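Asks: Numbering (our numbering), first residue to last: -4 to 503.
Next up is a structure, given as structure tokens.
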């Protein structure tokens, strides 16, 4: 054991190892800050627990704002105070009842003066805001503007503007870490059992009197729904929601955990429009718990194997090439003892690196954002990174015992590039050849399953299992196959390396 600790100190406290560790931690901190900045730009914070959806309507010849407020559990909230400001002047205030509130803008409208009506709506879009207060929580909601979209095609078409007020929080079922965010007046405050979502959306067709619309919905991949001109190609099936005559519509929609995109297709007479929103079957706060430590982990996984490559070189390949191991074996130590000592010294270094890097990510998340990541997620990521580093080290170590240092470096660098940098590219090429490239679900499954055959794939496999438990992934990863894959990548090279090391000539 003392020999293992001695070699561990030699491997871990090398300047190069410590320098890479510091770089990895700094990369994690920088990535966490970028995610935090993205959340701020999208208006998310831990203190914001009230979600809001509202829009303009008419009531007794008055232009009004109707809406709903929900708490962090997704329940409609009563006794919340809502104030309407225009040009920072208080215009009206009301108290919510069962989530609903209505505010008068102070503008009288004429059913025959459409130009005046739209001018008033435009002014609201530019100069108004809602201030919601409940107990010690105070939130501002600024308006957004939508235009008509064809039901089958995404590009904007001619139509009149419709303003709405939407406040999503970390407690709604949308992804706050998405770097591609499309503003859409859909709010999912709650998901009941069996993934049935309570969905609120705004009637896009403003009219004086008849707001009756027909609505359908479909589920698919979020980006595919957005990018595909023909919506039906991105949907598995379009289903009917019914006919509605309300300003803000509430429906129940069974979500599919295999997908993350919801499209609501709306028709009124000869006019059509489509809303597209991302969703998650897990709350945004849970997405943060998992995404924050794992997002920068992808970069770390790509470069951490360099440390193990280097350790196999300095602990085995180089001393074997210059004959240093022969002098060590002149002492009362067997080849097996030497082989095990230097192997487990590097494994211990990999464990220390895994703990330091992941805890550093968790700490930066706590300090920068104020969220303490789920301990289960952190421990799983530590385990995955440790197993990945151990597996790739077994491969490098087996090479280091068998070939000279120069050839070792050449082959190990090639393997590093294959298993880390170019692995997904290889899988994508295979998907293109087999015709699976443009099926997002199949491509995602193919990439995930390919990690069974990658020595550093353990961390990605365990992350997928975590995402599945959080409702963020529909891919089924068999834990037994993960264990078998890791065992093969660790044990087989380890044994083959020792069989070679036991017989090889260690003299220069």
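The C-beta atom is built at its ideal place from N, Cα and C for all residues, glycine as well.
Computed from a predicted structure; not experimentally measured.
1. Counting only the same chain and skipping the five closest in sequence on each side, list residues whose C-beta sits under 8 Å from that of residue 241.
2. Over the uninterrupted beta strand (DSSP E) stretch that includes residue 304, give me the two end residues.
3. Does the segment 56 to 67 come close enough to the segment 390 to 404 to have 3 or more Cβ pairs within less than 8 Å?
4. Is residue 431 helix, strand or coil when you go by DSSP?
5. In chain order, what are the residue ranges of uninterrupted alpha helix (DSSP H) at least 4 long that sit wholly in the segment 315 to 397?
6. Tell me, please, which residues DSSP counts as bridged to residue 222.
7. Measuring only the C-alpha atoms, how far is residue 303 from residue 447?
8. Shorter than 8 Å, the distance from the beta carbon of residue 427 to the closest heavy atom of the ligand FMN, or not?
9. Rank 348, 119, 191, 84 by C-alpha distance to the C-alpha of residue 14 and give the top, closest one.
10. Helix, strand or coil, according to DSSP, for residue 67 in the structure here?
11. Between the Cα of residue 234 and the Cα atoms of 250, 266, 190, 81, which residue gives the shortest distance?
12. Could you tell me whether the segment 380 to 390 touches the segment 349 to 367, where touching means 3 or more Cβ pairs closer than 8 Å?
13. Excluding the five sequence neighbours on either side, which residues of its own chain have a C-beta within less than 7 Å of the C-beta of residue 468, listed in chain order?
14. In terms of alpha-carbon separation, which member of 388, 162, 187 lies closest to residue 484?
15. Name the residue from 73, 443, 226 whose alpha carbon lies nearest to the alpha carbon of residue 267.
16. For the beta strand (DSSP E) containing residue 46, list its first residue and its last residue.
17. Who does residue 471 pair with in a DSSP beta bridge?
18. Tell me whether residue 84 sits in a helix, a strand or coil according to DSSP, three-state version.
19. On the DSSP bridge list, what partners appear for residue 440?
20. For the segment 3 to 41, list the alpha helix (DSSP H) runs that are entirely contained and at least 4 residues long, ordered along the chain.
21. Go ahead and label residue 170 buried or exposed: buried means 16 or more other beta carbons lie within 10 angstroms of its beta carbon, across all protein chains shown.
22. State the beta-bridge partners of residue 125 as determined by DSSP.
23. DSSP puts residue 89 in a beta bridge; with which residues?
24. Helix, strand or coil for residue 267? Go by DSSP, reduced to three states.
25. Quick check on the DSSP output: the alpha helix (DSSP H) that includes residue 160 runs from which residue to which?
26. DSSP three-state call for residue 451: helix, strand or coil?
27. Is the segment 271 to 278 in contact with the segment 361 to 368, if contact means three or more CB pairs nearer than 8 Å?
28. With distances taken from CA atoms, which of 470, 23, 340, 158 is nearest residue 359?
29. Comparing C-alpha positions only, which one of 438, 340, 36, 29 sits nearest to residue 9?
Replies: So, to answer that:
1. 198, 206
2. Not the beta strand (DSSP E): residue 304 falls in the alpha helix (DSSP H), residues 300 to 307.
3. no
4. Coil at residue 431, not helix or strand.
5. Restricting attention to alpha helix (DSSP H) runs no shorter than 4 residues, the segment 315 to 397 encloses them at 319 to 323, 330 to 363, 370 to 395, ordered along the chain.
6. As DSSP reads the structure, residue 222 sits in no beta bridge.
7. 20 Å
8. This structure simply doesn't include the ligand FMN, nor any ligand for that matter.
9. 348
10. Residue 67 carries a coil assignment under DSSP once its states are collapsed to helix, strand and coil.
11. 250
12. yes
13. 459, 462
14. Per the Cα distances, 388.
15. 226
16. 46 to 54
17. DSSP, once it has assigned bridges, lists no residue as partnering residue 471.
18. Residue 84 falls in the strand class under three-state DSSP.
19. DSSP lists no partner for residue 440.
20. 10 to 36
21. Counting of Cβ neighbours within 10 angstroms places residue 170 among the buried residues, the total reaching 16 or more.
22. 79, 136
23. 77
24. Reduced to three states, the DSSP call for residue 267 is strand.
25. Premise fails: residue 160 lies in the beta strand (DSSP E), 157 to 162, not in any alpha helix (DSSP H).
26. coil
27. No, the segment 271 to 278 is not in contact with the segment 361 to 368.
28. 23
29. 340
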